[in-house]
Structure formats: structure tokens, C-alpha cells
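Asker: Number 150 in numbering that gives the first Met the number 0 belongs to position 151 of the sequence shown; there are no gaps in the numbering.
For glycine and all other residues, C-beta sits at the position ideal for the given N, C-alpha and C.
Note that this is a predicted model, so its numbers are computed, not measured.
Sharing a structure here in C-alpha cells format.
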Amino acid sequence: MTLISELTILQPADKEDLDLPRTLEDERTTGKKRLYIESYGCQMNFADSEIVAAVMRNAGFATTSAAEDADVIFLNTCAIRENAEQKVRNRLKHLTGLKRNKPGLLVGLLGCMAERLKTRLLEEEKVVDIVAGPDAYRDIPKLVEEAESGQKAVNVFLSREETYADIAPIRLNSNGVTAFVSIMRGCDNMCSFCVVPFTRGRERSRDPHSIIRECEQLFADGYREVTLLGQNVDSYKWTPDPSPVGGGEMLASVTPLPTGEGSGRPAVSVGFANLLELVAQIHPDLRVRFSTSHPKDITDDVLYAMKRHDNVCNYIHLPAQSGNSRVLKLMNRTYDRAWYIGKIDRIREILGDDCGISTDMISGFCTETEDEHQESLSLMDYVKYDYAYMFAYSERPGTLAAKKYADDIPENVKKRRLNEIISRQLEHSSARNQRHIGQVQRVLIEGSSKRSDADLSGRNDQNKMVVFPAGNHQKGQYVNVLVTECSSATLRGKIISEQLSVNSEQLADASEPDQLRY
Numbered sequence: 000m001t002l003i004s005e006l007t008i009l010q011p012a013d014k015e016d017l018d019l020p021r022t023l024e025d026e027r028t029t030g031k032k033r034l035y036i037e038s039y040g041c042q043m044n045f046a047d048s049e050i051v052a053a054v055m056r057n058a059g060f061a062t063t064s065a066a067e068d069a070d071v072i073f074l075n076t077c078a079i080r081e082n083a084e085q086k087v088r089n090r091l092k093h094l095t096g097l098k099r100n101k102p103g104l105l106v107g108l109l110g111c112m113a114e115r116l117k118t119r120l121l122e123e124e125k126v127v128d129i130v131a132g133p134d135a136y137r138d139i140p141k142l143v144e145e146a147e148s149g150q151k152a153v154n155v156f157l158s159r160e161e162t163y164a165d166i167a168p169i170r171l172n173s174n175g176v177t178a179f180v181s182i183m184r185g186c187d188n189m190c191s192f193c194v195v196p197f198t199r200g201r202e203r204s205r206d207p208h209s210i211i212r213e214c215e216q217l218f219a220d221g222y223r224e225v226t227l228l229g230q231n232v233d234s235y236k237w238t239p240d241p242s243p244v245g246g247g248e249m250l251a252s253v254t255p256l257p258t259g260e261g262s263g264r265p266a267v268s269v270g271f272a273n274l275l276e277l278v279a280q281i282h283p284d285l286r287v288r289f290s291t292s293h294p295k296d297i298t299d300d301v302l303y304a305m306k307r308h309d310n311v312c313n314y315i316h317l318p319a320q321s322g323n324s325r326v327l328k329l330m331n332r333t334y335d336r337a338w339y340i341g342k343i344d345r346i347r348e349i350l351g352d353d354c355g356i357s358t359d360m361i362s363g364f365c366t367e368t369e370d371e372h373q374e375s376l377s378l379m380d381y382v383k384y385d386y387a388y389m390f391a392y393s394e395r396p397g398t399l400a401a402k403k404y405a406d407d408i409p410e411n412v413k414k415r416r417l418n419e420i421i422s423r424q425l426e427h428s429s430a431r432n433q434r435h436i437g438q439v440q441r442v443l444i445e446g447s448s449k450r451s452d453a454d455l456s457g458r459n460d461q462n463k464m465v466v467f468p469a470g471n472h473q474k475g476q477y478v479n480v481l482v483t484e485c486s487s488a489t490l491r492g493k494i495i496s497e498q499l500s501v502n503s504e505q506l507a508d509a510s511e512p513d514q515l516r517y
């Protein structure tokens, strides 16, 4: 049987070192052309690279861990910030030298940067042979054939229907324990700072039959955690096609589902809360996460679904972007500060104070005043996020903000405000992690710790990394870890028995200095 190899996926920690991408095992086949992929940016891009790998494998390509051995190199790109695009351009300079030594090598740019710049990339980056947007991945083998004939090949058509629901992804850089499952594509929100609606198109939801089948297969293959992905998962909505040809039969398991803690009603269509329940019901040992939620769309139905199922993780990524209502209006976020705080209060009311909450925060958006920046800090103080993705505003050409507002905050002010946001978040992350000391956390082991093979690591229910001595345990197992120490980013502890009660003697024993390294 042919081994399906992993392809290179650059994780956030790797992005600063693009000349040294990860190298992984080759696919054990001979006589096939070789494909090499690097993926940048968000989880959606990583999931898309898995689709591309499957499409190319069906076209007869094998994978390689070394760009030097490839016949085709794809960079799956991000356009969310200028810095992300510049890193890709720097990577292309390196590939120019590689192509000079191997004239038959084809280089393709995929994803959001390809969609944003389109044919301009072929003019600006002579090394590029293929440009394909996020909805053109089925067409890639044909684009490769066209490029092999000496022609530049482009497909940046945005679809209103494409979800790749029938393509089984090849898992890339997989630990064999956790996997991304894309449930929808595109975005309709039109936040003024964001390029995604222009690079990924309109929202469309993948049919739940294919999602459930994929998650069931992942569990059968040994995976124990899935993350349901979408630009805005809470707006997921699938309506069955009533025509026989459409094959849109209702899921047998979509029974009357609760809409809160009251009685339910039959699901004519499947919303995100319904889907969350369906995935959770596959098996109690299959953990379910999701990302990303929009504050205007997350509902009590979703929160109660989380509460009902222990295997739906007690964690929500709920981007705020700003703590000031005027700035939020300029951002076209469609909620104000009070609305956002109301959502936070509702999460705490239904799921409790231990529910992990993270956010995105932008510093220095157009016309943001110092007082408005302080309101972002005060919102952080109110919520006390477990962690955050924090950025200085980067104007993206073609967005509503670029057309309507001046990018008028000086870079030094943006950076100073960003540093203040980061500093505040470090305080909150540390305080939130301190809450876990003395608690027993159920952890899904993902593999060895980055710092030592003597330690294992995995995430708890709130998506926090936990490190502990390995013992005889292996990845894919659930273990109970008594937390004894923490940093702002990591929990540290030791595995205890299945009994979750902990006495003071156990805690004291676990707190010896040699147990506290991380």
C-alpha cells in the first residue's frame, strides 16, 4: 500500500524563517512527478492545501519534502496583511534561483494573494507560472498541463457553489490526532478592514452529510479531535434540495433539536448548533472545536449545544477587533461595545467563568484616538481573554477602509498601542492560567513537548497547551493532568490516576522543583 506523505505546512512559529521550511518524509513511490507545497496564514489555508494535495494526487503526482526535488512547487498564500504578502515575495526570490538550476520546474501561487493580485502576479513575479484562487483548485491539474506547454496559466474565478465537499483531504503535517474540517467557505460580513470577501467570495455552506462522513472517517482513522472551520461558522446554514436529483435527503439524525433549554422543533435546515450536535454525537471520545465565531451570529443555541456535550470543547474564539463603538462602526462590525459585552456575559452565564475565550484585536485603525485605544484595553480588562491574536492595522488595497478612510495613525503610534495591548494580554493570560493550578485537566496528548522528548504535551478543554512528563503514555490518549505551575502560555503538571479528586498531599508532591520545568 502506498504511504500518503505529509507536505510542508508552515506554522506561525515558522513564518519568520521562510528560507527553512519544514521537511517531512517523502511519499514512497517512484516514476511520478513530485509536488511540494508551503502554506501560509490561517487554518483555512492549511485545510485548502489538504484539498490541493488530494486533487494533485488524483492527477498522478507524488509528494516530496524537499523543494529541490519537486517538479511543481505551490505556495498557498495569505493576503490579510501586507507583511504576509511580502514574505511570500521574499520566498519567490529564493525559488527564482532554484528554477534557474531546474528550468522545467513550475511555480504556482494559490489562495488569497493569488485571488487579490490575479494576473498582476505574472507580470510582477516572472518566476510564477500558475495563479489559482481558492475556488479553482479542481482546475489545478489542467493549469499545470497548460504551464508545461510554456503558457502562463490563471484561474481566479470565484464560485457561489464550490465547497469541495466530495474531495477527501490528504492530511498535511498531521500529528494523527487533530484535524481541520472545513464546513463553509467565503464571508458575507464585509468588515471594512478585511480582504477576505474579495479573495474568498460569498458564503456557502458545505452539506452536513459530507461533514459527518469526514469526521466519522477521521475518528475511525485514529483522530480524536476535529476543528470545524469557517470564516464565520455561526452563519453556517444548509437547506436540503427538495428535488430527487439534488440528493438533498435530510439527515436521519437531524431530529427535533433543542433551541435552548426548552422544547425543540424539527430542523427544516441545518444550522451551526444542529451541526455541532451531530458531530458531537459521532463518539464521546471525539473532541470538537470550532473557529471562527462572529459576535453578531453566535447564538444561545450554540452555547447550549456546547453545554450539553462534554466533548464539545469549552472554548470560543470571539474576535472583538476594538473596544470602542465608533471604531467598530467604522470597521462595519455591525455590533457595538455594549452588544459585545452582552455576548460575553451570556457565554459566562451559560458556560461559566472557566470557558476559554480568545479574541482578535487591531491597534491603530483609521482615526482611532488615544481614548478609543484605552477603551480596547478596558474591554480586555472586562473580558480577561485567555489569549489573543493582536495586530497593528495594515491597510489592504481594495477593502472598504482603503476606499473610504485615511490610514492616518503613525506607525510608531500603532506599534506603541500594539505593545500596550500585548502587555495587557500577557497579564490576563497569566492570571487565567493561574486559575488552573491545583485543578485536574483532561488532556488529549498530541505528541512530544517542543523542548524535550521526555515530556508530552496536549491541549485541555479550553485550548491551552499542557506539558507533563511522558511516562508510558502516547499521543492520542486522554490523560488527567494535575496542574502545578504555569506561564502566560503554558500549563505544567503531572499525570494522575483516573480519579479526578485531588488532595493536598498529592498537590504538594507534584509541586517538587524537578516537576516544574517547561
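Less than 9 Å between the C-beta atoms of F390 and S321, yes or no?
Answerer: Result no, Cβ atoms of F390 and S321 do not sit closer than 9 Å.
Asker: Assess, as a yes-or-no matter, whether the stretch 277-287 is touched by the stretch 461-470 under the definition of 3 or more beta carbon pairs within less than 8 Å.
Answerer: Not touching, per the Cβ criterion.
Asker: Considering only the alpha carbon of each residue, which of V466, N459, A78, I436 lies closest to K449?
Answerer: Of the candidates V466, N459, A78, I436, the one whose C-alpha sits nearest the C-alpha of K449 is V466.
Asker: How is H435 classed by DSSP in three states: helix, strand or coil?
Answerer: The answer is coil: DSSP assigns H435 none of H, G, I, E or B.
Asker: So the candidates are M464, L302, R199, L376; which of them puts its Cα closest to the Cα of G351?
Answerer: Per the Cα distances, L302.
Asker: Report the three-state DSSP secondary structure of N154 (helix, strand or coil).
Answerer: Note: N154 maps to strand in three-state DSSP.
Asker: Which one of H435, L443, S451, A453 has the shortest CA to CA distance from L490?
Answerer: Nearest option by C-alpha distance: H435.
Asker: Applying the 10 Å Cβ sphere with the 16-neighbour rule, what's the burial state of I494?
Answerer: Looking at its Cβ environment, which holds 16 or more other Cβ atoms inside 10 Å, I494 is buried.
Asker: Apply the 10 Å Cβ neighbour rule to Q150 and answer buried if 16 or more other Cβ atoms are within range, or exposed otherwise.
Answerer: That one is exposed.
Asker: Alpha carbon to alpha carbon, what distance is there between T62 and M55?
Answerer: M55 and T62: Cα-Cα distance of roughly 9 Å.
Asker: Am I right that N154 and A131 are in contact with their C-beta atoms under 8 Å? What's the rounded C-beta distance?
Answerer: The pair is a contact, with the Cβ atoms about 5 Å apart (cut-off 8 Å).
Asker: What did DSSP end up calling C111 once you bin it into helix, strand or coil?
Answerer: Correct three-state label for C111: helix.
Asker: Give me the Cα-Cα distance between P283 and R325, rounded to the nearest whole angstrom.
Answerer: P283 and R325: Cα-Cα distance of roughly 44 Å.
Asker: For S447, write down the residues that DSSP places opposite it in a beta bridge.
Answerer: Partner(s): L455.
Asker: When the Cα atoms are used, what is the spatial distance from R516 to R431?
Answerer: No answer about R516 holds up, because its pLDDT of 24 lies below 50 and its placement is not dependable.
Asker: DSSP three-state call for D240: helix, strand or coil?
Answerer: Looking at D240 - three-state DSSP - the assignment turns out to be coil, as it is neither helix nor strand.
Asker: If you compare alpha carbons, which of G221, G200, K342 is closest to M189?
Answerer: Comparing Cα-Cα distances from M189 to each of G221, G200, K342, the minimum goes to G200.
Asker: Less than 9 Å separating the beta-carbons of M330 and M360?
Answerer: Going by C-beta atoms, M330 is not nearer than 9 Å to M360.
Asker: Between the beta-carbon of V127 and the beta-carbon of T398, is there less than 9 Å?
Answerer: No, the pair does not count as a contact, with Cβ atoms beyond the cut-off.
Asker: Please report the straight-line C-alpha distance between K474 and S456, rounded to a whole angstrom.
Answerer: K474 and S456: Cα-Cα distance of roughly 9 Å.
Asker: Could you name each continuous beta strand (DSSP E) segment of 3 residues or more that falls completely within the stretch 298-333, going from the start of the chain to the end?
Answerer: With a minimum length of 3 residues, the continuous beta strand (DSSP E) runs that stay inside the stretch 298-333 are 314-316.
Asker: Given that a residue counts as buried once 16 or more other Cβ atoms are within 10 Å of its Cβ, and exposed if not, what is E67?
Answerer: Exposed, because fewer than 16 other Cβ atoms sit within 10 Å of the Cβ of E67.
Asker: Taking all protein chains shown into account, do 16 or more other C-beta atoms lie within 10 angstroms of the C-beta of N82, making it buried, or fewer, making it exposed?
Answerer: Exposed, since its Cβ has fewer than 16 Cβ neighbours within 10 Å.
Asker: Which partner residues of Q440 appear in the DSSP bridge assignment?
Answerer: V480.
Asker: Buried or exposed: which applies to T156, given that a residue is buried once 16 or more other Cβ atoms fall within 10 Å of its Cβ?
Answerer: Note that residue 156 is Phe in the sequence shown here, rather than Thr. So F156 ends up on the exposed side.
Asker: Go ahead and label H293 buried or exposed: buried means 16 or more other beta carbons lie within 10 angstroms of its beta carbon, across all protein chains shown.
Answerer: Buried, because 16 or more other Cβ atoms sit within 10 Å of the Cβ of H293.
Asker: What does a CB cutoff of less than 7 Å around V244 pick up in its chain, not counting 5 residues either side in sequence?
Answerer: Its pLDDT being 40, under 50, V244 is placed unreliably by the model, and the measurement read from it follows with that caveat. Taken in chain order, the list of residues that qualify is empty.
Asker: Output the distance between the C-alpha atoms of K463 and A488, rounded to the nearest integer angstrom.
Answerer: Near 8 Å, if we compare the C-alpha coordinates of A488 and K463.
Asker: Expressed to the nearest angstrom, what Euclidean distance is found between the alpha-carbon atoms of G110 and L116?
Answerer: Approximately 10 Å, taken between the alpha carbons.
Asker: For a quick check, are the C-beta atoms of A46 and L228 less than 9 Å apart?
Answerer: Yes; because the gap between Cβ atoms is below 9 Å, this pair is in contact.
Asker: Closer than 6 Å by C-beta to T291: which residues in its own chain qualify, once you throw out the five before and the five after it? Chain order, please.
Answerer: Correct list, in chain order: H316.
Asker: Compare the Cα-Cα distances from A78 to each of R395, I421, A400, L425 and report the closest residue.
Answerer: That would be R395, whose Cα lies nearest to the Cα of A78.
Asker: According to DSSP, is A266 helix, strand or coil?
Answerer: Because the pLDDT at A266 is just 49, under 50, the model does not fix this residue reliably, and the value given afterwards should be weighed accordingly. Coil, per DSSP.
Asker: Just list the residues that DSSP pairs N75 with in beta bridges.
Answerer: Note: N75 sits in a beta bridge opposite S38, L109.
Asker: Can you tell me where the beta strand (DSSP E) holding P468 begins and where it ends?
Answerer: That run of the beta strand (DSSP E) goes 464-468.
Asker: Between D353, R223, K141, which has its C-alpha nearest L285's C-alpha?
Answerer: Closest option to L285, Cα to Cα, is R223.
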